Ligand SMILES: [Zn+2]
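Protein chains in written order, with the working numbering: chain A, 27 to 142; chain B, 33 to 485.
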């Protein structure tokens, strides 16, 4: 069964993809109140993510969740760079798995408070 | 037509074992034969339970008619029939457990009075009626929650170390001092908990003052998102000849697991729902009970019914996977307890229909989700757009919070999200991490006045 991963887009991220084809691939969630990309993953890629991060799980909607924040951030950075939503983006993120794990280790202690 | 009235406390009368006169408390403390300093129980160095919360909930009447640490005969009866020796239904053994070395140091025997200190100050006494031994805590843990073989109606998987309640019972010390507790030095609840402290006598008085004849309880250990808010609002349409007059939120405050929201954010987050006017304060009261969750789904739901009936509620919302973790229990186990009963736990009919059972009425609810077609927060049993629906998945919402993305109004009310950020700023983290879990058990939810003994 297909697995998915969601990349949420706030105003800052929307700015970063402005003018690209990606703008046509935005999913409107919750009646248009939340923007996101939905990446469909091959079984092999989903398994690679699950194997790399022990906190990761698949929720009732078949979405992979509970990945490190650093993973989500890197994933968006790669999407913004390559303007792609395919397996190649996941491959690019997984080449940085050591750095992500290092950042994730600190994430369990501290996360910066968002500016309201 | 019969209108629903406030139910009597479970057991017929509220237990109140709190000495409010400090001079009298001091006298009682002086009569004690030995002194014991309460500390959190640990598993692999992580706090899993603090018996002080049980003493508070027992002495202030949340667990009426339980009055203390249970004797062996009482624990045996609970494990066999889920009843106290006085016949009233009750789900869990509650004991004051110590090590053999501690017993030796205390040198107490049945008939002695033990002074319990908390944060280094006199807190409560335990009148020792019986000293008994737990021979096999793992067996006790299995008997407490059940097994797939013995409780096939509701238990799907054998409990293990991933189930916090099972770990609590498996980690009990071998010696039980059984007897009644009395709080002899009244603790002061610390902010922000102080303004939400409504022990059963006080909550009953408050509902009478407000003219709330019918009150529905919402169980929580979460910061409320919009799905929770609509559950509260819509479940409250039950009642009798009119919707319930009041909605009581009762948060379970106790040992936390990593990834939970901090208790401070949970309780103020619920308050933000009424301060923002989404459920006006005249109709909504936020309260809490001190208890280290056992995650026993139908058993926890029995305890929830007892607590909220004692607090004066007429109705109680129950959802799927109520107070559950993992997939040990059938997701409808709680609803089964309150509808047809669970014979293997001793209830061949609904827990409301057995002798010495509960009077609080269940309101068994399904799910709420956002539906873009209905263009509203929809009830799963109404909305037919199962393909388009968007669920409030807990992990999805937590992920959004952790990434620092300001949630849309359709997920969190802005006032509620600001409460999350307020405590995030204070603790350096939006959820409970190892540091929070550890520090919480030092800080606790109370301070104790000086008492010179
Ligand atoms: Zn719909």
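In this text, a Cβ means the ideal position worked out from N, Cα and C, and glycines have one as well. Please read these numbers as outputs of a predicted model, since none were measured by experiment.
Chain A beta carbons: is any one of them nearer than 7 Å to that of residue 218 of chain B?
no
For the stretch 435–446 of chain B, which residues have a CB atom closer than 7 Å to at least one CB atom of chain E, in sequence order?
Any reference to chain E falls outside this structure, whose protein chains are A and B.
So, residue 305 of chain B versus residue 311 of chain B, is the Cβ gap smaller than 7 Å?
yes
Kindly list the residues whose CB is nearer than 7 Å to the CB of residue 170 of chain B, restricted to its own chain and excluding five residues on each side of it in sequence; keep chain order.
So the list reads 202, once near-sequence residues are dropped.
How many Å lie between residue 14 of chain B and residue 374 of chain B at the Cα?
Any question about residue 14 of chain B goes unanswered here, given that chain B covers just 33 to 485.
Beta bridge counterpart(s) of residue 403 of chain B as assigned by DSSP
B:408
Less than 7 Å between CB atoms is the rule here; does residue 461 of chain B satisfy it with respect to chain A?
yes
Is residue 415 of chain B near ligand 1 - that is, is its Cβ less than 6 Å away from at least one heavy atom of it?
yes
What residues of chain A sit near residue 432 of chain B, judged by a beta carbon separation below 7 Å?
34
Reduced DSSP secondary structure (H/G/I, E/B, other) of residue 239 of chain B
helix
Which runs of the alpha helix (DSSP H) at least 4 residues long sit entirely within the stretch 101–135 of chain A? Give them in chain order.
Runs of the alpha helix (DSSP H) inside the stretch 101–135 of chain A: 113–120 and 123–133.
Short CB-CB distance (under 7 Å) between residue 412 of chain B and chain A
no
Can you confirm whether residue 422 of chain B, when its beta carbon is compared against all beta carbons of chain A, has any partner nearer than 7 Å?
yes
Residue interval of the alpha helix (DSSP H) (run including residue 175 of chain B)
169–177
Find out if the Cβ-Cβ distance for the pair residue 327 of chain B, residue 357 of chain B is shorter than 7 Å.
yes
Would residue 331 of chain B be called buried (16 or more neighbouring beta carbons within 10 Å of its own) or exposed?
buried
For residue 160 of chain B, which residues from the same chain have a beta carbon less than 8 Å from its beta carbon, with the 5 sequence-adjacent residues on both sides left out?
140, 141, 142, 143, 144, 145, 146, 209, 210 and 211
Cross-chain neighbours of residue 95 of chain A in chain B, by beta carbon under 9 Å
431, 434, 435 and 436
Would you list the residues sitting across from residue 77 of chain B in a DSSP beta bridge?
Answer is none; residue 77 of chain B lacks a bridge partner.
Report, in whole angstroms, the separation of the C-beta atoms of residue 125 of chain B and residue 176 of chain B, which I expect to be a contact under 8 Å.
The pair is a contact, with the Cβ atoms about 6 Å apart (cut-off 8 Å).
Using a Cβ-Cβ cut-off of 7 Å, state whether residue 456 of chain B counts as contacting chain A.
yes
With a threshold of 6 Å on Cβ separation, who are the neighbours of residue 119 of chain B within its own chain once the five nearest residues in sequence on each side are excluded?
388
Report the residue from B:347, B:317 and B:442 whose alpha carbon sits nearest the alpha carbon of residue 239 of chain B.
B:317
Is there a Cβ of chain A sitting closer than 7 Å to that of residue 293 of chain B, yes or no?
So, not an interface residue.
Count Cβ pairs between the stretch 38–49 of chain B and the stretch 331–349 of chain B that sit closer than 8 Å; are there 3 or more?
Judged by Cβ distances under 8 Å, the stretch 38–49 of chain B makes contact with the stretch 331–349 of chain B, as three or more pairs qualify.
Between the stretch 212–224 of chain B and the stretch 267–279 of chain B, are three or more C-beta pairs nearer than 8 Å?
no
Is residue 163 of chain B helix, strand or coil when you go by DSSP?
Three-state result, residue 163 of chain B: strand.
Under a CB-based cut-off of 7 Å, is residue 91 of chain A close to chain B?
yes
Does ligand 1 have even one heavy atom less than 6 Å from the beta-carbon of residue 406 of chain B?
yes
Keeping to the same chain, check which residues put their C-beta closer than 6 Å to that of residue 262 of chain B; ignore five residues upstream and five downstream.
400 and 409
Shortest alpha-carbon distance to residue 474 of chain B belongs to which of B:190, B:446, B:335 and B:73?
B:73
Quick test of the definition: if touching needs 3 or more C-beta pairs under 8 Å, does the stretch 28–45 of chain A touch the stretch 413–423 of chain B?
no
Starting from the beta carbon of residue 327 of chain B, find every residue of chain A whose beta carbon is closer than 9 Å, and list them in chain order.
Neighbours of residue 327 of chain B on chain A: none; closest Cβ ~18 Å, over 9 Å.
Just to make sure I have the definition right: I need the residues of chain A whose C-beta is within less than 8 Å of the C-beta of residue 453 of chain B. Which are they?
139, 140 and 142
Please work out which residues of its chain come closer than 6 Å, Cβ to Cβ, to residue 107 of chain B, disregarding the five sequence neighbours upstream and downstream, and give them in chain order.
125
Exposed or buried, residue 157 of chain B, counting other C-beta atoms within 10 Å across all chains shown (16 or more means buried)?
buried
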